[in-house]
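A.B. asks: Heads up, the sequence shown is in my numbering, so the first residue is 17 and it goes up one at a time.
C-beta: ideal position from N, C-alpha, C; glycine also.
These numbers come from a predicted model, not from an experiment.
Provided herewith is a single structure, encoded as structure tokens, for subsequent inquiry.
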Amino acid sequence: FRFFFSFTLFSIIFLKDLKNFKFDKDLLIVSLLYAIGVYFYYYSLSIAKFLGNVDFLLFTSIIFSAIFSHIILKERVDKIEAILILMSIIGIILISKPQKFSLESLSLISGILWGLQTVITRKLFKKNFSNNNIVFFLFLISSLMFIPFLPIGNLNYNNFVNLLFLSIFSTLVPVYLINYSLKFLKAY
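Listed below in structure tokens is the structure:
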């Protein structure tokens with residue numbers, strides 16, 4: 017529900033901008049990467065024995081952003097950054113224990129997808145896409161992908177209010193601001 021509410025609120029707030037939105041394959045790719053990353057993250061959380069491992073693997077997205085930004089955007093990685101990336105990858109391997117793969121390790125897929133999504137979002141900004149345009153499609157695609165998982169029968173007033181706050185303060189505002197910052201910062 018949080019993506020549906022975020023999409024609906026975002027559409028209402030930025031209604032005047034909708035007519036100026038443009039679309040290309042990179043925007044679809046970014047939106048799909050985001051939504052699939054969310055799916056793997058939530059799935060990992062639902063089955064995890066150690067929630068810290070799930071979050072740790074998700075937050076590897078910054079490392080993958082650095083790697084993908086060098087490959088896709090040709091952003092320069094200096095020697096110190098390269099050493100830190102290598103040390104981080106070694107740390108991920110040691111902590112995640114790949115020889116004992118568990119389903120909570122699927123959150124690493126989220127980290128990879130979100131790292132790639134961050135870099136392609138930067139690419140969209142270089143193609144003069146607006147932040148409103150990008151966030152609109154992130155929420156639209158996420159809403160459509162999560163429709164089959166909506167627990168419609170469980171929506172009462174208290175759940176509705178909680179979801180509304182979750183949609184605004186834990187989804188809409190952070191996603192909007194994170195994407196906005198990518199316009200000015202490196203991808204990592």
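Could you work out which residue in G53, L201 and F30 is closest to I157 when comparing CA atoms only?
C.D. replies: G53
A.B. asks: Within a Cβ cutoff of 7 angstroms, which residues of the same chain sit near Y57, ignoring the five residues on either side of it in sequence?
C.D. replies: L74, S123 and S126
A.B. asks: Taking DSSP as the reference, what is the three-state secondary structure of N178?
C.D. replies: Under the three-state reduction of DSSP, N178 is assigned to helix.
A.B. asks: Tell me the rounded alpha-carbon separation between V177 and K65.
C.D. replies: 30 angstroms
A.B. asks: Is the beta carbon of D33 less than 7 angstroms from the beta carbon of N144?
C.D. replies: no
A.B. asks: N172 by DSSP, collapsed to three states: which one?
C.D. replies: coil
A.B. asks: Mind checking R92: buried by the 16 CB within 10 Å criterion, or exposed?
C.D. replies: Answer is exposed; the Cβ neighbour count stays below 16.
A.B. asks: Which ranges does the beta strand (DSSP E) cover as unbroken runs of at least 3 residues, wholly within the stretch 21-57, from first to last along the chain?
C.D. replies: none
A.B. asks: At the level of alpha carbons, what is the spacing between F141 and Y173?
C.D. replies: 39 angstroms
A.B. asks: Between the stretch 95-102 and the stretch 43-51, do three or more beta carbon pairs fall short of 8 angstroms?
C.D. replies: no
A.B. asks: Excluding the five sequence neighbours on either side, which residues of its own chain have a C-beta within less than 6 angstroms of the C-beta of S161, listed in chain order?
C.D. replies: A small fix is needed here, since residue 161 is Met in this sequence, not Ser. A51.
A.B. asks: List the whole-angstrom C-beta distance separating K139 from L89, where the pair is believed to meet the contact cut-off of C-beta under 8 angstroms.
C.D. replies: 6 angstroms
A.B. asks: Output needed for L61: all residues of its chain with C-beta closer than 7 angstroms, excluding positions within five of it in sequence on either side, in chain order.
C.D. replies: L67 and V70
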